[in-house]
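Visitor: The structure is given below, and queries will be raised subsequently.
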Amino acid sequence: MEEEDMNESSQCHSWSKKEIDILLELVIENKNLLEGKHGPSVTEANKRKKWQEIVSAINACGVALRTVDTCKKKLRDLKKNARDYLNSFKVPKTGGGKEKKKLWYYDVVLDHIIGRDSPFLHGIAGN
Numbered sequence: 001m002e003e004e005d006m007n008e009s010s011q012c013h014s015w016s017k018k019e020i021d022i023l024l025e026l027v028i029e030n031k032n033l034l035e036g037k038h039g040p041s042v043t044e045a046n047k048r049k050k051w052q053e054i055v056s057a058i059n060a061c062g063v064a065l066r067t068v069d070t071c072k073k074k075l076r077d078l079k080k081n082a083r084d085y086l087n088s089f090k091v092p093k094t095g096g097g098k099e100k101k102k103l104w105y106y107d108v109v110l111d112h113i114i115g116r117d118s119p120f121l122h123g124i125a126g127n
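Numbering (the UniProt record's numbering), first residue to last: 1 to 127.
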C-alpha cells in the first residue's frame, strides 16, 4: 500500500527543471555504467545502486518522491522527444527542406547522451 502511494505521488507532480538537470547530469556522469553492456564494474547490482543514488539526489530537491522506474521513464521520454526533435532537422532526400528550428537546451544535452552515431537517431545501416 505504501509503495502504491509513493508511485501515485511521484506521477502527479510535473518534473522541475532542477530535477531534470540532476537526472541528466548524473546519467551523463555515469553513462558507461548505466548503459554499458560489458565490463568488470558493469553489473546489474552496480546499476541498481547507481540508479538509487540518482533517485536520492533527485528526491533531495523536495519536489516529489521519485522512484527508479519513474526516473528511467522520464529519461526514456526525454530521449525519445529529443530524437524526434533532432530528426526533424534532417533534410528530406527528395529536396525541399525544413525551416530551421531553435534547439531546446535538453535536446543538446540528450544528443550527447544518445550520440550522433547512435542507431536510435539514424536507424540501423542497411535498412
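Note that CB positions come from ideal geometry on N, CA and C, so glycine has one too.
1) Please report the distance separating the alpha-carbon of V63 from that of G39.
2) Taking all protein chains shown into account, decide if E28 is buried (16 or more other Cβ within 10 angstroms of its Cβ) or exposed.
3) Secondary structure at W15, three-state DSSP: helix, strand or coil?
4) From A45, N81, K74 and L33, pick the residue whose C-alpha is nearest to that of D21; which is it?
5) Less than 6 Å between C-beta atoms, sequence neighbours within five positions excluded: which residues of the same chain meet that for L110?
6) Mind listing, in chain order, the continuous alpha helix (DSSP H) runs of no fewer than 4 residues lying wholly within the UniProt domain "Myb/SANT-like DNA-binding" (14-84)?
7) Are K31 and C61 closer than 7 Å when you measure CB to CB?
8) With a Cβ-Cβ cutoff of 7 Å, do I66 and I58 count as a contact?
9) Roughly how many whole angstroms lie between the Cα atoms of V68 and K50?
10) Here's the rule I'm using: 16 or more other beta-carbon atoms within 10 Å means buried, otherwise exposed. How should T70 be labelled?
Guide: Short version:
1) Here residue 63 corresponds to residue number 63 of the sequence shown, with the count starting at 1. Here residue 39 corresponds to residue number 39 of the sequence shown, with the count starting at 1. Going from the Cα of V63 to the Cα of G39 covers about 35 Å.
2) In the sequence shown, the residue the question calls residue 28 occupies position 28. According to the sequence as given, residue 28 is Ile; it is not Glu. Exposed, by the Cβ-count rule.
3) Sequence index remark: in the sequence shown, residue 15 carries index 15 (1-based). In the structure shown, W15 sits in coil (DSSP, three-state: anything other than H, G, I, E or B).
4) Sequence index remark: in the sequence shown, residue 21 carries index 21 (1-based). Per the Cα distances, K74.
5) Translated into positions along the sequence shown, residue 110 becomes position 110. L78, K79 and A82, listed in sequence order.
6) 17-29, 31-35 and 44-59
7) Counting from 1 along the sequence shown, the entry for residue 31 is found at position 31. Counting from 1 along the sequence shown, the entry for residue 61 is found at position 61. No, the Cβ-Cβ distance between K31 and C61 is not below 7 Å.
8) As a first step, residue 66 must be located in the sequence shown, where it is residue number 66. As a first step, residue 58 must be located in the sequence shown, where it is residue number 58. Position check: residue 66 holds Arg in this sequence, whereas Ile was assumed. Cβ atoms of R66 and I58: closer than 7 Å.
9) Here residue 68 is taken as the residue at index 68 of the sequence shown, counted from 1. Here residue 50 is taken as the residue at index 50 of the sequence shown, counted from 1. About 10 Å.
10) Translated into the one-based positions of the sequence shown, residue 70 becomes position 70. Buried, by the Cβ-count rule.
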